[in-house]
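Beneath this line is the structure, given in structure tokens, with notes to follow.
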Amino acid sequence: MYKSFLSKVIFTLCFVFMSLIPFVTGEAGMTSTASATNACNLPNYPNPLCTGVPTGTVLTTINSDYTVKTNNEVIDKKHITGDLLIKAANVVIKNSQIDGVVTNEIGGIFYGPFTITDSTVGPPIGCVVGVAIGDSNYTAIRVRTRGIDDGFRISQPGNVIVRDSYYKGCVPNVPDPHPDGIQSVCETTCSTILVTHNTFDQRGMTKSNSPIFIVDPLARNVTVNNNLIGGGTFSLQLEWGGGPKWNVSGNKIIYNSWKYAPASMEGTCSNINWGSGNAAVTINQYYQITSTVTNYTSCID
232 MYKSFLSKVI FTLCFVFMSL IPFVTGEAGM TSTASATNAC NLPNYPNPLC TGVPTGTVLT
292 TINSDYTVKT NNEVIDKKHI TGDLLIKAAN VVIKNSQIDG VVTNEIGGIF YGPFTITDST
352 VGPPIGCVVG VAIGDSNYTA IRVRTRGIDD GFRISQPGNV IVRDSYYKGC VPNVPDPHPD
412 GIQSVCETTC STILVTHNTF DQRGMTKSNS PIFIVDPLAR NVTVNNNLIG GGTFSLQLEW
472 GGGPKWNVSG NKIIYNSWKY APASMEGTCS NINWGSGNAA VTINQYYQIT STVTNYTSCI
532 D
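So in the numbering used here, the last spot in the sequence shown is 532, and the numbers never skip.
Printed below as a string of structure tokens:
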């Protein structure tokens with residue numbers, strides 16, 4: 232009787248304990264429980280569970296590319312099997328899966344602005360050459376990119392916010408791949424760029440450039456803070472090119488995941504406001520920090 236009662240108590244305690252664990256490992260993604268809802272919030276970092284299409288969302292399929300031509304259009308709970316081409320202003324994309332890319336650069340013209348939230352972008356299997364989200368005048372929040380070598384692109388005139396999002400890099404089968412998590416490609420000035428509280432993971436890739444790669448001489452007013460970054464040649468590679476000093480703080484670089492060095496400001500540290508919290512860290516399989524190895528109190532040229 233006593234043993235039976237004790238067994239029930241132990242079982243109950245184990246069940247309660249397990250229900251508090253937000254993730255259970257799976258394939259490079261993870262399976263979730265209800266407690267994973269707010270798992271992106273600091274001190275945690277975005278992962279496949281708290282980004283992308285929310286679990287349980289029922290999607291309506293569009294079997295092709297889809298071009299938005301109407302201002303203020305809302306795309307909600309859609310599964311677009313091709314590319315999403317934005318040729319309008321004030322477009323809202325949410326709770327949707329796009330198996331191709333999302334871009335507002337059509338025929339050399341940059342449309343927008345647009346906002347994309349709680350959405351998954353990229354093919355479910357394989358790795359293709361492209362840019363998951365681009366190119367300017369957009370805000371991306373809780374977006375999960377997959378199966379595309381480049382995550383986010385910044386082009387003229389800028390006005391880009393990437394927040395609370397997750398990029399897992401991949402290497403396409405092309406002769407000379409150069410994947411980046413986020414990259415600026417500016418023919419004229421790209422201004423007002425905020426990259427905050429994202430996870431950019433390029434670990435284990437045979438070829439890669441940098442998870443955060445903003446070295447364009449025409450990039451201006453850049454803030455990069457509170458990101459979790461892994462892999463690449465330099466995990467965090469920035470180069471101030473003009474305008475006000477850039478702000479760089481609170482970024483956590485996964486220890487010993489880089490090829491050359493954790494970071495490089497390409498000799499522009501005098502124009503970088505290097506704030507507190509930049510550090511090399513170790514993490515667990517859920518992208519949670521387990522230890523701080525080195526605090527980078529000084530800017531890394």
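Note that beta-carbon positions come from the ideal geometry of N, C-alpha and C, so glycine has one too.
Keep in mind the model is a prediction, meaning the values are calculated, not measured.
With DSSP as the reference, label C500 as helix, strand or coil. The answer is helix: DSSP assigns C500 an H, G or I state.
Inter-residue Cα distance where the pair is T513 and G435: C-alpha separation (whole angstroms): 15 Å.
Classification of K309 by the beta-carbon crowding that lies within 10 angstroms, buried from 16 upward: Burial is judged here by how many other beta carbons sit within 10 angstroms of a residue's own beta carbon; K309 has at least 16 and is buried.
Nearest-angstrom Cβ-Cβ length linking T430 and L449, presumed shorter than 8 Å: Wrong, their Cβ atoms sit about 27 Å apart, outside the cutoff.
Using DSSP bridges, identify the partner residues of R384. According to DSSP, which records beta bridges pairwise, R384 is partnered with Q414.
Can you name the start and end residues of the beta strand (DSSP E) that G473 belongs to? No residue range can be given for G473, since it is assigned to no beta strand (DSSP E) and is classified by DSSP as neither H nor E.
Which residue comes first and which comes last in the beta strand (DSSP E) that contains Y491? Per DSSP, Y491 lies in no beta strand (DSSP E) and is assigned neither H nor E.
Which residue or residues does DSSP assign as beta-bridge partners of A511? A511 has I484, T525 as its beta-bridge partners, per DSSP.
Please report the distance separating the alpha-carbon of D432 from that of Y398. Approximately 6 Å between the Cα atoms of the pair.
Going along the chain, which unbroken runs of the beta strand (DSSP E) with 3 or more residues stay wholly within the segment 428 to 469? As far as the segment 428 to 469 is concerned, its whole beta strand (DSSP E) runs of at least 3 residues are 430 to 433, 443 to 445, 450 to 456, 459 to 462, 465 to 469.
Can you tell me whether DSSP reads C421 as helix, strand or coil? In this structure, C421 counts as strand in the three-state DSSP scheme.
Within 10 Å of its beta-carbon, does S225 have 16 or more other beta-carbons around it, so buried, or fewer, so exposed? No information on residue 225 is available, as it lies outside the stretch 232 to 532 that the chain covers here.
Quick check on DSSP: helix, strand or coil for V284? Judged by DSSP in its simplified three-state form, V284 adopts coil rather than helix or strand.
With DSSP run on the structure shown, which of helix, strand or coil describes D307? In the structure shown, D307 sits in a strand (DSSP, three-state: E or B).
I think W477 touches T454, with their Cβ atoms under 8 Å apart; what is that distance to the nearest whole Å? Contact holds; Cβ gap of about 7 Å.
Pairing CB atoms from the segment 404 to 416 with CB atoms from the segment 372 to 388, are three or more of them under 8 Å? A contact exists between the segment 404 to 416 and the segment 372 to 388.
Cut-off 6 Å between Cβ atoms - residues of its own chain near N515, not counting five sequence neighbours on either side: Apart from sequence neighbours up to five positions away, the residues of its chain that approach N515 with a beta-carbon distance below 6 Å are T521, ordered along the chain.
When you compare each of M496, Q519, N487 to T525 by their alpha carbons, which one comes out closest? Among M496, Q519, N487, the Cα nearest to that of T525 is on N487.
Give the range of the beta strand (DSSP E) segment to which K399 is assigned. It spans 397 to 399 - the beta strand (DSSP E) in which K399 sits, taken as one unbroken run.
Could you pull the DSSP bridge partners for G389 from this structure? G389 is bridged to S422.
May I ask you to verify whether the segment 466 to 481 touches the segment 435 to 447, counting CB pairs closer than 8 Å and requiring at least 3? Taking 8 Å as the limit for Cβ pairs, the verdict is that the segment 435 to 447 does touch the segment 466 to 481.
So S480 packs on G461, CB below 8 Å; how close in whole Å? Incorrect: roughly 18 Å between the Cβ atoms, too far for contact.
What do you get for G343, buried or exposed, if any count of 16 or more other CB atoms within 10 angstroms of its CB means buried? A buried status is given to G343, since no fewer than 16 other beta-carbon atoms sit within 10 Å of its beta-carbon.
Report yes if the C-beta distance between T334 and I317 is below 8 Å; otherwise report no. Yes; because the gap between Cβ atoms is below 8 Å, this pair is in contact.
Which of the three DSSP states, helix, strand or coil, is assigned to N478? Reduced to three states, the DSSP call for N478 is strand.
Answer with buried or exposed for K300, where buried requires no fewer than 16 other C-beta atoms within 10 angstroms of its C-beta. With fewer than 16 other Cβ atoms within 10 Å, it is exposed.
Nearest to V328 by CA position, among S439, D314, S441, F341, is which residue? Residue 328 is actually Gln in this sequence, not Val. Comparing alpha carbon positions, the residue from S439, D314, S441, F341 closest to Q328 is D314.
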